[in-house]
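Numbering (the numbering used here), first residue to last: 34 to 450. Each residue gets a CB set at the ideal place from its N, CA and C atoms; glycine is no exception. Heads up: the structure comes next, in structure tokens.
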């Protein structure tokens, strides 16, 4: 018996061109779409399909740097769907050497990536999924003119520059002096143009939505919440050391480090058994700050050492001021660790269930929340169970299905138009 396909349904079958600079989330978005038969192609910058690492001089350089080689290897996507170009990063390096301001450099990189994407074409895609405007406004406008819907993954709070300008004024000697006002102006114009051209804005957390709402032209009807997934992390309970507190990430003011340092000082006066361990890169300038004397700096850790820190942490703490969604909190939850976070961390933590949410820029509140969990073992046990449940809601399979669903709806709107 012949089965006739509804032309509208056939036209709406989701085909996505993913456009992104760099190896963000290990090309997770494209891979999830490929697993669901919806990926038309991945357009990215310097990268290579699995098993096709470049030879010659580049190959020899990569052999000496296994970390970058692994990060830029695109796994789980057929090589014929992977389009790469070194032009954006080559130009970016040259512009950086010339002292060109960061956001202007990013716009040039976007433009070059977009030129390459346009040269290859849409590959039959009816949706272009880009990361924060990667590919540039010109390419996105061209793709829209070809009939594609534009979905933009907003990866961080758009208020990053404003937040950091304020924070640098509060803590003037913690970081090298940089004037972010010009970058803030350039980025504001960029994100407003991105919001205008986009048909859908993917946001990983409420804090990103809040940031977008502060910009001209924000349309809440374009927003879809799609959080991040667990990635390679597995769900497992550790063996916590009581009162061992873990912070993971770059140790700087953007992550709220001065307030974490204040909390460490307060907790140390309550009980010397408290230890706040900082796993992540920390500059000599930060390490030397007298305010940080009560923090234990571990430096950047490899996967095995980092896994051990998660296994032994009693409470996880992330007092961030400017994030999209800090995926490190998902790793903590997956180890059954109650989390003390700010709303700006963009985490999936629910206050009073799998952790506590505290105000930004409040070291006293941080200390009180950490102590409340660490001192009440019954509450910690209850929160640990809730943390494991929360983590199970963020598997890549579930997040991939959510991503596919919202993009399929967008494609259907395009077919019906």
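When the options are compared against residue i, the one with the closest alpha-carbon
i	options	result
residue 198	109, 210, 375 and 188	210
residue 451	176, 157 and 159	This structure does not reach residue 451, given that the chain is present from 34 up to 450, and the question cannot be answered.
residue 251	261, 233, 268 and 262	233
residue 104	114, 82 and 111	82
residue 317	284, 304, 295 and 343	284
residue 324	178, 59, 308 and 293	293
residue 376	354, 186 and 137	354
residue 220	169, 59 and 429	169
residue 378	127, 242 and 157	242
residue 55	65, 122, 387 and 159	122
residue 58	385, 359, 422 and 434	359
residue 389	73, 372 and 139	372
Collapsed DSSP secondary structure at residue i in the structure displayed
i	result
residue 7	As shown, the chain starts at 34 and ends at 450. That puts residue 7 outside it, with no answer to give.
residue 55	coil
residue 105	coil
residue 204	coil
residue 241	helix
residue 73	strand
residue 285	coil
residue 388	strand
residue 276	coil
residue 162	strand
residue 183	strand
residue 414	helix
residue 331	strand
Span separating the alpha-carbon of residue i from that of residue j
i	j	result
residue 436	residue 383	22 Å
residue 351	residue 150	37 Å
residue 51	residue 304	51 Å
residue 118	residue 447	30 Å
residue 223	residue 164	13 Å
residue 404	residue 344	19 Å
residue 160	residue 280	38 Å
residue 451	residue 366	This structure does not reach residue 451, given that the chain is present from 34 up to 450, and the question cannot be answered.
residue 206	residue 191	25 Å
Residues of its chain near residue i, where Cβ-Cβ distance is below 6 Å and the 5 sequence neighbours each way are ignored
i	result
residue 330	311, 315 and 320
residue 300	307 and 400
residue 229	250
residue 115	75, 82 and 107
residue 392	398
residue 60	107
residue 244	190, 191 and 192
Cβ-based neighbour list, residue i, same chain, cut-off 8 Å, excluding 5 preceding and 5 following
i	result
residue 34	With a pLDDT of only 33 at residue 34, under 50, the local geometry of the prediction cannot be trusted, and no value is derived from it.
Proximity test, residue i beta-carbon vs the ligand COA heavy atom, cut-off 8 Å
i	result
residue 130	Annotation note on the ligand COA: not contained in the displayed structure, which lists no ligands.
Cutoff 7 Å; reference residue i; Cβ partners in own chain excluding five residues on either side
i	result
residue 124	141, 142 and 145
residue 137	219
Closer than 9 Å to chain D by CB, residue i
i	result
residue 151	Among the chains of the structure shown, chain D does not appear; only one protein chain is present.
Stretch pair the region 311 to 327 + the region 409 to 425: three plus CB contacts closer than 8 Å: no
Below 8 Å, how does it come out for the region 200 to 207 and the region 151 to 160: are there three or more Cβ pairs, yes or no? no
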